[in-house]
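To start, the structure under review is shown below, and the notes come after it.
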Amino acid sequence: MIGCLCLHGFTGAPYEVQPLAEYLKEHTDWKIVVPTLPGHGEELQLKGVTYHDWLQHADEELTRLKEECDHVYLIGFSMGGLIAAYLATKYDVQKLVLLSAAAYYINPSQLKEDVLMMVKDSVRGKLHENELFHRYKKKIVATPLSATIEFRKLVKFVRPKLRHVTIPTLIAQGECDGIVPVKSAQYLYERIGSPKKILFYSKKANHHICHSEDCEELFQAVLNFLRESM
7 MIGCLCLHGF TGAPYEVQPL AEYLKEHTDW KIVVPTLPGH GEELQLKGVT
57 YHDWLQHADE ELTRLKEECD HVYLIGFSMG GLIAAYLATK YDVQKLVLLS
107 AAAYYINPSQ LKEDVLMMVK DSVRGKLHEN ELFHRYKKKI VATPLSATIE
157 FRKLVKFVRP KLRHVTIPTL IAQGECDGIV PVKSAQYLYE RIGSPKKILF
207 YSKKANHHIC HSEDCEELFQ AVLNFLRESM
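Start counting the sequence shown at 7; every next residue gets the next number (the numbering used here).
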């Protein structure tokens with residue numbers, strides 16, 4: 007049996023990768039696992055949680071999946087991509103998919119545009135209708151500084167290990183990503199040690215690449231990559 011572990015991002019939840027998980031369930035007979043990392047979910051409780059907790063939980067989920075499956079693929083979104091890359095250096099897994107993986111964090115120019123959009127909406131009296139505003143407001147209120155520091159520690163911890171990723175890897179990045187800059191994908195491509203690497207850019211996707219207008223094209227590319235023998 008083939009198993010697939012899908013990991014969500016920082017301050018996120020399984021919904022971030024759920025559309026891809028559902029697509030894989032619909033088109034394969036694989037076992038798809040989408041865990042919730044410690045402190046995450048619909049209600050964030052990140053105070054006192056460390057990046058070691060995130061790594062350990064993902065490690066335990068992968069260990070269970072490997073006990074049930076002959077082959078395992080890792081899929082990680084944003085921070086989950088870094089965790090997946092780390093696990094790929096530690097365990098015998100077959101393929102790795104990185105979605106908007108956060109080797110860098112925060113795109114100042116795009117964030118500026120996002121904030122300007124929110125300001126314009128507030129002037130028009132439409133701030134309550136702005137999806138970005140509600141997403142940022144909820145996360146800013148519920149995310150302690152300590153959690154952001156732990157995220158940055160994770161980035162620092164994983165970066166030197168990328169050269170030890172030797173399995174086939176697909177790196178997907180949205181060109182309209184306002185959180186992780188596009189250069190993150192190129193950085194990963196250059197640092198990952200595998201000789202078999204693919205870069206996939208989604209022209210219409212923002213950070214939440216699994217929820218983009220052209221996500222069907224991404225999902226097909228992921229499925230083709232995972233199915234093909236390399």
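In this text, a Cβ means the ideal position worked out from N, Cα and C, and glycines have one as well.
Own chain partners of His214 with C-beta closer than 7 Å, once the 5 adjacent residues on each side are dropped
Here residue 214 refers to the residue found at position 208 when the sequence shown is read from its first residue. Beyond the five residues adjoining it in sequence on each side, His214 comes within less than 7 Å, by CB distance, of Glu22 in the same chain, given in chain order.
Less than 8 Å between the CB atoms is what I'm expecting for Val171 and Ser200, so what's the real figure, rounded?
The sequence position of residue 171 within the sequence shown is 165, counting from 1. The sequence position of residue 200 within the sequence shown is 194, counting from 1. Yes, Val171 and Ser200 are in contact; Cβ-Cβ is about 6 Å, under 8 Å.
What does DSSP give as the partner residue(s) for Ile204 in the beta ladder?
On the sequence shown, position 198 is the one that residue 204 refers to. Paired residue(s): Leu176.
For His46, which three-state DSSP category applies?
Counting from one through the sequence shown, the residue named residue 46 turns up at place 40. In the structure shown, His46 sits in coil (DSSP, three-state: anything other than H, G, I, E or B).
Limits of the unbroken alpha helix (DSSP H) element including Cys12
As a first step, residue 12 must be located in the sequence shown, where it is residue number 6. No alpha helix (DSSP H) holds Cys12; the beta strand (DSSP E) holding it covers Ile8 to Leu13.
Check for me: the alpha helix (DSSP H) holding Ile155 runs from which residue to which?
Here residue 155 refers to the residue found at position 149 when the sequence shown is read from its first residue. First-last of the alpha helix (DSSP H) with Ile155: Leu151 to Val164.
Could you pull out every residue in the same chain whose Cβ sits closer than 8 Å to the Cβ of Pro114, ignoring the five residues on either side in sequence?
Walking along the sequence shown from the start, residue 114 turns up at place 108. Caution applies to Pro114, whose pLDDT of 45 falls short of 50 and renders its modelled position unreliable; the value that the coordinates give is listed next. Excluding positions up to five away in sequence, the list is empty.
From Leu229 to Glu73, what distance separates their C-alpha atoms?
Residue numbering aside, residue 229 sits at position 223 when the sequence shown is read from its first letter. Residue numbering aside, residue 73 sits at position 67 when the sequence shown is read from its first letter. Approximately 23 Å, taken between the alpha carbons.
DSSP-derived helix/strand/coil call for Phe231
In the sequence shown, residue 231 corresponds to position 225, counting from 1. Helix.
Do Ser84 and Gln179 have their C-beta atoms within less than 8 Å of each other?
On the sequence shown, residue 84 is found 78 positions in, with the first residue counted as 1. On the sequence shown, residue 179 is found 173 positions in, with the first residue counted as 1. The answer is no: Cβ separation not under 8 Å.
Cα-Cα separation between Asp35 and Lys96, rounded to whole angstroms:
The residue given as residue 35 occupies position 29 in the sequence shown. The residue given as residue 96 occupies position 90 in the sequence shown. Straight-line Cα distance between these residues: approximately 26 Å.
Look at the Cβ atom of Lys101, then the Cβ atom of Cys75, and state whether they are nearer than 8 Å.
For the purposes of this step, residue 101 is identified with residue 95 of the sequence shown, where counting begins at 1. For the purposes of this step, residue 75 is identified with residue 69 of the sequence shown, where counting begins at 1. No.
CA-to-CA distance, Leu11 to Leu26, given in whole angstroms
For the purposes of this step, residue 26 is identified with residue 20 of the sequence shown, where counting begins at 1. For the purposes of this step, residue 11 is identified with residue 5 of the sequence shown, where counting begins at 1. Each residue's alpha carbon lies about 12 Å from the other.
Considering only residues of the same chain and omitting the five flanking positions on each side of Leu193, which have a CB-CB separation below 6 Å?
Residue 193 sits at position 187 when you count from the first residue of the sequence shown. Per the sequence presented here, residue 193 reads as Tyr, with Leu not at that position. Ala109, listed in sequence order.
Can you tell me the Cβ-Cβ gap for Leu52 and Pro150, rounded? I've got them flagged as a contact below 8 Å.
In the sequence shown, counting from the first residue as 1, residue 52 sits at position 46. In the sequence shown, counting from the first residue as 1, residue 150 sits at position 144. Their Cβ separation, rounded to whole angstroms, is 6 Å, which keeps Leu52 and Pro150 in contact under 8 Å.
Leu232 vs Ser208 beta-carbon contact at 8 Å
As a working note, residue 232 is residue 226 in the sequence shown. As a working note, residue 208 is residue 202 in the sequence shown. No. Outside cutoff.
Where does the unbroken alpha helix (DSSP H) through His63 begin, and where does it stop?
Your numbering for residue 63 matches position 57 in the sequence shown. Element bounds for His63: Tyr57 to Glu74.
Secondary structure at Phe16, three-state DSSP: helix, strand or coil?
Along the sequence shown, read from residue 1 onward, the residue named residue 16 stands at position 10. Collapsing the DSSP output to three states places Phe16 in coil.
Pick helix, strand or coil for Gly54, following the three-state DSSP scheme.
Numbered from its first residue, the sequence shown carries residue 54 at position 48. If DSSP states are grouped into helix, strand and coil, Gly54 belongs with coil.
If you draw a straight line from the alpha carbon of Trp60 to that of Leu30, how long is it in whole angstroms?
Counting from one through the sequence shown, the residue named residue 60 turns up at place 54. Counting from one through the sequence shown, the residue named residue 30 turns up at place 24. Their backbone Cα atoms lie some 24 Å apart in a straight line.
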